[in-house]
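Protein chains in written order, with this note's numbering: chain A, 12 to 907; chain B, 1366 to 1488.
Backbone N, C-alpha and C fix where the C-beta goes; we use that ideal spot for every residue, glycine too.
Values in this document were obtained by computation on a predicted structure and should not be read as measured data.
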C-alpha cells in the first residue's frame, strides 16, 4: 500500500461536519420545543437552550478530535510551531544564514571525523557486514612485539578451539602479477580455504576458494581475483573463469571473481588476488629460505587467525580458552622461542587492523571536531540570546495571553531545530564532498600503491549528524530560551529597558570567555601540529637522501633464478658506477623511512645468554657495497661492505651503533664479535663495521638495534638501486639509471624510479595529514570564535548606545569610550585565555603521540595562539566601539 | 460527580470511560437521540449527573468510531428530525465488560474506604 493511498484512508475517516452541525441544530430545536411546551416564549426558549448547550465551537472541535489520530494531533501543534518558526526566521534571514553556516561547518567536520572512525571501528572491512565483531588472535612477546601464528599452530587452534564459529587465516603479501614488461606488483592475500565462507563473501562469477582448496601442499593452483582487477586488467571479460594468470611466475587458474564490495581484509591496501595457503611454497611466500617449509615450520610466522565468536561467548572467555590451548601447545611441542602469549582482540585493535598508526591522529581529530562544535554552539547561543532579547516583547505578550513557559520554551527549541536540520543536512553534504578530497590526497601520496579506504557516508553517519544537530540545537537553544522566557511581564510591556540585564550580561560574558578559551585550545593544537611538521621536515634522518635515486626492481618478474639474478645485479652496479656523473652506486632491499616496519630476524649474539623474555628479533637490510658511502651514513668503527664480501668470502655483518652499544658496550669493542641471524641454522657472521643509527621506518621512532648483511651473502630478487651523483637535477640521474636497467634487460619492469626524497613521503604522510586537518580545524574554530566574539561585543556596544551618548554629551572623547570597551573586552579575553592555556596544558599530552620534535608545552605555539586570540578580541571590540563612538551623541540619546 | 468542564480535552480516561458506559447503558432500552440521552442520564441520576452537550456529542462520536453505536436520522414522537443512536452487538458486549469493570472498581473503592476506617477505630 502506497503512502498516499494510506494517507487518504486516514483523512477520509473524519468527522462529517455538515451532519454534526445538523445534529446540533436538531438538539437545539428539541430543547427549545421542550422549553416552549413548559411555557416559555419562543425567543427566550431558544436563548435558553443555546445557553444550556454551551460552546458549540468547542464541542465541534472536540468531536473533530475524536476522529483525528493522536499523532496528527501532536503533529498539528508541531507543524504550527515549525511554520511560525519559519516565518520568524524568514523575517531575519541574516541570522538564519549565519546559524546554518556555522552549524554546517561544525557538523560537517564532526561527520567527516566520525566517518573515518566509523570506517575503522564499525565497518573495518568493506563488504563484510559484521566485520566489527571479527575477533583476531595474535601472539605478543614479553617485549610487546606482535607475532603472527605459524600454519601448524593455526591448524592446532582451528581444530581444538570451541569459542569461535570458525577460524580462518590470512596473510598479506605483494607478489608480481604477470611477467616481463607487463608485470607489476599487486597486493594479495594468502588465505585458508574457509576464508570466504567465514567472512560470508560470495563470488559474483565462478566460485570463491573453499576448504577443498586446502588439502595438500602445492596441489591447488587456483586463484580468486578482485572485481577491480577483473575490470581493469580483463575488461570485465565474461569468460574470465578458467583463464590463467602468473603470480610470481607460477601459473594459477582463475576460479572466481569476488563481490565488488570486497577489498580484502588488509586495511588501507586494495587487495586484488586471493591465493590458497597451500600454494605458499610455490609462490615463494616469505623469503626464499623459509618458503619451502612454511606449511610445516612452527617458527614461520604466517597468520593472525581470526573469526567470529560463537553466540554467547565473550571475548574474555575466548581469550582464556585460547590461552589454555596455547599453553597446551607449548608443553606438547615446546618451541625454543621467546615466551609469547596469544591474545584475542577485536579486529580494529589487532596488529593487522592498521589503525594503530591512525588511532592517535583520529583521537586528536575527534577531540578537535568536538571543540569546533562547542565553539559553533557557543556562537549560536550568543546569536539566539541576542535575538531572544529583541523578542522579549513578543514572548511577554504570549505569556500574558496565557501561554505556559514550557509552551514558549518548546516554541523556541523548535525554532532552533528548524535551523539545526538544514545545518545537519549541509554538514553531511560537506563531509560527503570533503572525504573524497582527503582520500584522493592520501591515494596520491600512496601511488603507485593501490589503497582503499572504507569511508562511505552511510545512514550511520547521517544518524550521527542528526544526533549532533539535535544535541547542539538543545545546547545552544535551551539556556537562552529559558533566559528569554524568564521575563517580568509588567516591566517588558511597560518598555522598561533593563530587567535582569545584569544576568543576561553575565551569560554573554561567559560565552565570550568560553569561546576565547576553546579557540585558544584549538589554535595551540594547530600550532603544535604545524611546528611538528616543520620539525619533522627539517629533521636529519641520519642519512642524506638528496642527489640520490631509488630505482626498485624485482628480477623474479622476468623469471630470473638466483644465479641469473646475482649476475644481473652485479652488471647493473658495474654499469651504474661507470655512468658519467655517478659518484657511487649501491643496492638495498629496503629503503629507509618507508613508514612501515620491515621484517625482523631472530638474532643470536655469541657469548650473550638471552634472559627469559629477551626479544632478540631485529630489523635488517641486505645491502651491496658502497651503501653507507652512497647514503652518507657515517661508519663509526671498522669498514663498510666491499665487493670482496661475496658468497665465497667469510660471512660478515655490519651493525648499528645501538646494537653495538647494547651487547658490547660500544662501537670499538664490536669489531670481530660474531652474531648469527635466521634462527639456529644460520652461519656465524663476524662484525666488520659499526655504523651510525638512522631513522629506519618513521622519523619519530626510537633508536633500535639494526643489522646489515652483504647482498651477495643475502640474495633477494627484489632490490632498490641507489645512485648518488653531482648532477643539479636528480631526475637526470633517475633517467640515467632507468636507461641502465633497460640496457641490461628491456623486458624487466621498473617498479619505481624516483629521487630518494620522494620515497620518503609516506613517512611524512601522517604528519602532513594530521597537520592539515588540525590546521583546518584550528582555522575554522578561530573564524567561528572571532565571529561570535565580534557579534556579542558589538551587541553589547549597541545596547550601550544610550550610555555612550550620555558620556560623550558630558564631554568624553571617542577615544576614551573606545578605551572603556576595549578594557572590558580584554578583561574577558584575558580570563578566557587563562582558562584556555590551563586547558591546553592539561590536554596537550593527548597530542604527544602525533607530535615530533616539539614538546606538547611548546612556548612558541602557545605564544602564537595567545597573540592571535587576543588580537581577534581587540579587533572585535575596537571596531564596533569605534563605530559607536563616532555616532552623534544627540542621535544616540534621541534613539532611546 | 458532574461532567461540567470548560475544556473538553482535559478529562481523564476514567471519566471518558464512565460517560461512555452511561451512554451505552441508556441506549440499552432502545435507540435514542443525543438530547434524550442527556435528559435520561440526568433524570435517572436524580439530577446529580448533568451531562453537557460539549461532552456528550464528542462521546457519541467516540462510540461511533469504535463501532459500539450506529446513528440514523429519523423522526421523534413530536415529529422532529433527530439523529438516533442504537447499540450494536459489539456495543452490548462492551457494556457488559464495562459493567463488570465498574462493579469491581466500586467494590475495590468500597473496601479501601472501609479499611481506611479500621486504624482509627482501634484507638
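*Output the distance between the C-alpha atoms of residue 803 of chain A and residue 132 of chain A, rounded to the nearest integer angstrom.*
Looking up residue 803 of chain A in the first chain gives position 792. Looking up residue 132 of chain A in the first chain gives position 121. One C-alpha to the other measures close to 40 Å.
*asked:* If you follow the alpha helix (DSSP H) that residue 1430 of chain B is in, where does it begin and where does it stop?
replied: The residue you call residue 1430 of chain B lines up with position 65 of the second chain. Residues 1418 to 1431.
### Coil, strand or helix - residue 771 of chain A by DSSP
Stepping through the first chain from its first residue, residue 771 of chain A is reached at position 760. Coil at residue 771 of chain A, not helix or strand.
Problem set entry | Selected residue, minimal CA-CA separation from residue 614 of chain A, among A/622, A/627, A/664, A/604 | Working through the first chain from its first residue, we reach residue 614 of chain A at position 603. Of A/622, A/627, A/664, A/604, the residue nearest in Cα terms is A/627.
Across the region 755 to 775 of chain A and the region 553 to 572 of chain A, are there enough close Cβ pairs to call them in contact, namely three or more that are closer than 8 Å?
yes
Check for me: the alpha helix (DSSP H) holding residue 53 of chain A runs from which residue to which? By one-based count along the first chain, residue 53 of chain A stands at place 42. Counting along the chain, the alpha helix (DSSP H) containing residue 53 of chain A begins and ends at 53 to 64.
Who are the near neighbours of residue 639 of chain A in its chain, counting only those whose CB is closer than 6 Å to its CB and skipping five residues on each side? Counting from one through the first chain, the residue named residue 639 of chain A turns up at place 628. Cβ neighbours of residue 639 of chain A beyond the five flanking positions: 646, 651, 702.
Between residue 1457 of chain B and residue 1432 of chain B, what straight-line distance do the alpha-carbon atoms span, to the nearest angstrom? By one-based count along the second chain, residue 1457 of chain B stands at place 92. By one-based count along the second chain, residue 1432 of chain B stands at place 67. The straight-line gap from Cα to Cα measures roughly 11 Å.
*asked:* Tell me the rounded alpha-carbon separation between residue 185 of chain A and residue 146 of chain A.
replied: To locate residue 185 of chain A, count along the first chain from 1; it is residue 174. To locate residue 146 of chain A, count along the first chain from 1; it is residue 135. Going from the Cα of residue 185 of chain A to the Cα of residue 146 of chain A covers about 24 Å.
| request: Please name the residue in A/530, A/545, A/658 whose C-alpha comes closest to that of residue 574 of chain A. | output: What you label residue 574 of chain A is simply residue 563 of the first chain in a count that begins at 1. Taking residue 574 of chain A as reference, the option from A/530, A/545, A/658 with the minimal CA-CA separation is A/658.
Under 7 Å from the C-beta of residue 1396 of chain B: neighbouring residues of chain A | For this step, residue 1396 of chain B is matched to residue 31 along the second chain. None at all; the shortest Cβ gap to chain A is about 14 Å.
Tell me, which residues are paired with residue 182 of chain A by DSSP?
-> For the purposes of this step, residue 182 of chain A is identified with residue 171 of the first chain, where counting begins at 1. DSSP lists A/201 as partners of residue 182 of chain A.
Using a Cβ-Cβ distance cut-off of 7 Å, determine whether residue 65 of chain A contacts chain B. The residue given as residue 65 of chain A occupies position 54 in the first chain. Yes, contact with chain B.
Distance, residue 318 of chain A Cα to residue 177 of chain A Cα: By one-based count along the first chain, residue 177 of chain A stands at place 166. By one-based count along the first chain, residue 318 of chain A stands at place 307. Rounded to whole angstroms, the gap between the alpha carbons of residue 177 of chain A and residue 318 of chain A is 6 Å.
Q) Any contact of the region 38 to 47 of chain A with the region 1388 to 1403 of chain B, i.e. 3+ C-beta pairs under 8 Å? A) yes
Do residue 137 of chain A and residue 272 of chain A have their CB atoms nearer than 7 Å? On the first chain, position 126 is the one that residue 137 of chain A refers to. On the first chain, position 261 is the one that residue 272 of chain A refers to. Taking 7 Å as the Cβ cut-off, residue 137 of chain A and residue 272 of chain A qualify as a contacting pair.
**Asked** Where does the unbroken beta strand (DSSP E) through residue 630 of chain A begin, and where does it stop?
**Response** Start at 1 with the first residue of the first chain, and residue 630 of chain A comes out as number 619. 628 to 634 is the span of the beta strand (DSSP E), which, as asked, contains residue 630 of chain A.
Margin query: If we define contact as Cβ-Cβ less than 7 Å, is residue 1446 of chain B a contact residue for chain A?
Written below: Counting from 1 along the second chain, the entry for residue 1446 of chain B is found at position 81. So yes, residue 1446 of chain B belongs to the interface.
Item to check | Whether residue 122 of chain A touches residue 476 of chain A by CB criterion (7 Å) | outcome: On the first chain, position 111 is the one that residue 122 of chain A refers to. On the first chain, position 465 is the one that residue 476 of chain A refers to. Taking 7 Å as the Cβ cut-off, residue 122 of chain A and residue 476 of chain A qualify as a contacting pair.
Can you list the residues of chain A that residue 1409 of chain B reaches, using a CB-CB cut of under 9 Å? Your numbering for residue 1409 of chain B matches position 44 in the second chain. Here the premise fails: no neighbours, minimum Cβ distance about 17 Å.
Own chain, CB closer than 6 Å to residue 215 of chain A, minus 5 neighbours either side, in chain order: Counting from one through the first chain, the residue named residue 215 of chain A turns up at place 204. Same-chain partners within the cutoff: 268, 270.
Just to confirm the assignment: which complete alpha helix (DSSP H) runs, minimum length 4, are found wholly within the region 399 to 474 of chain A? 403 to 411, 416 to 457, all fully within the region 399 to 474 of chain A.
Quick check: the Cα distance between residue 54 of chain A and residue 48 of chain A, rounded to an integer number of angstroms?
In the first chain, the residue the question calls residue 54 of chain A occupies position 43. In the first chain, the residue the question calls residue 48 of chain A occupies position 37. So the alpha carbons of these two residues sit roughly 13 Å apart.
Q) Does DSSP put residue 286 of chain A in a helix, a strand or coil? A) As a first step, residue 286 of chain A must be located in the first chain, where it is residue number 275. Strand at residue 286 of chain A.
If you draw a straight line from the alpha carbon of residue 712 of chain A to that of residue 706 of chain A, how long is it in whole angstroms? Here the question's residue 712 of chain A lines up with position 701 in the first chain. Here the question's residue 706 of chain A lines up with position 695 in the first chain. Between residue 712 of chain A and residue 706 of chain A, the C-alpha separation is close to 7 Å.
Specify the secondary structure class of residue 139 of chain A as computed by DSSP and reduced to three states. Within the first chain, numbered from 1, the residue matching residue 139 of chain A stands at position 128. Coil.
| said: Distance cutoff 7 Å, beta carbons only. Does residue 51 of chain A sit that close to anything in chain B? | reply: Against the first chain, residue 51 of chain A aligns to sequence position 40. It does not; no Cβ of chain B falls within 7 Å.
- [ ] Look at residue 604 of chain A and residue 552 of chain A and say whether their C-beta atoms are less than 7 Å apart.
- [x] Sequence index remark: in the first chain, residue 604 of chain A carries index 593 (1-based). Sequence index remark: in the first chain, residue 552 of chain A carries index 541 (1-based). Cβ atoms of residue 604 of chain A and residue 552 of chain A: closer than 7 Å.
Task: the region 404 to 421 of chain A: positions lying closer than 8 Å to chain B by Cβ - done: Flagged: no residues at all.
In three-state DSSP terms, what is residue 1455 of chain B? Indexing the second chain from 1 puts residue 1455 of chain B at position 90. Note: residue 1455 of chain B maps to helix in three-state DSSP.
| query | Going by the CB atoms, is the gap between residue 636 of chain A and residue 600 of chain A shorter than 7 Å? | reply | For the purposes of this step, residue 600 of chain A is taken as the residue at position 589 of the first chain. For the purposes of this step, residue 636 of chain A is taken as the residue at position 625 of the first chain. Result no, Cβ atoms of residue 600 of chain A and residue 636 of chain A do not sit closer than 7 Å.
Practice problem: Just mark residue 431 of chain A as buried or exposed, buried being the case when its beta carbon has 16 or more other beta carbons within 10 Å. | Solution: Indexing the first chain from 1 puts residue 431 of chain A at position 420. Residue 431 of chain A should be labelled buried.
Out of curiosity, what's the CA-to-CA distance linking residue 335 of chain A and residue 168 of chain A?
-> Taking the first chain and counting its residues from 1, the one referred to as residue 335 of chain A is at position 324. Taking the first chain and counting its residues from 1, the one referred to as residue 168 of chain A is at position 157. Each residue's alpha carbon lies about 11 Å from the other.
**Prompt:** Quick one, which of A/420, A/383, A/567 has its alpha-carbon nearest residue 479 of chain A's?
**Reply:** One-based indexing of the first chain puts residue 479 of chain A at position 468. Minimum Cα distance to residue 479 of chain A is reached at A/383.
> Are there three or more Cβ pairs, one per stretch, closer than 8 Å when the region 735 to 742 of chain A is compared with the region 674 to 684 of chain A?
Replying inline: no
Supposed close pair residue 488 of chain A, residue 115 of chain A - CB separation, criterion 8 Å:
Along the first chain, one-based indexing puts residue 488 of chain A at 477. Along the first chain, one-based indexing puts residue 115 of chain A at 104. Here residue 488 of chain A is actually not in contact with residue 115 of chain A; their C-beta atoms are around 17 Å apart, not less than 8 Å.
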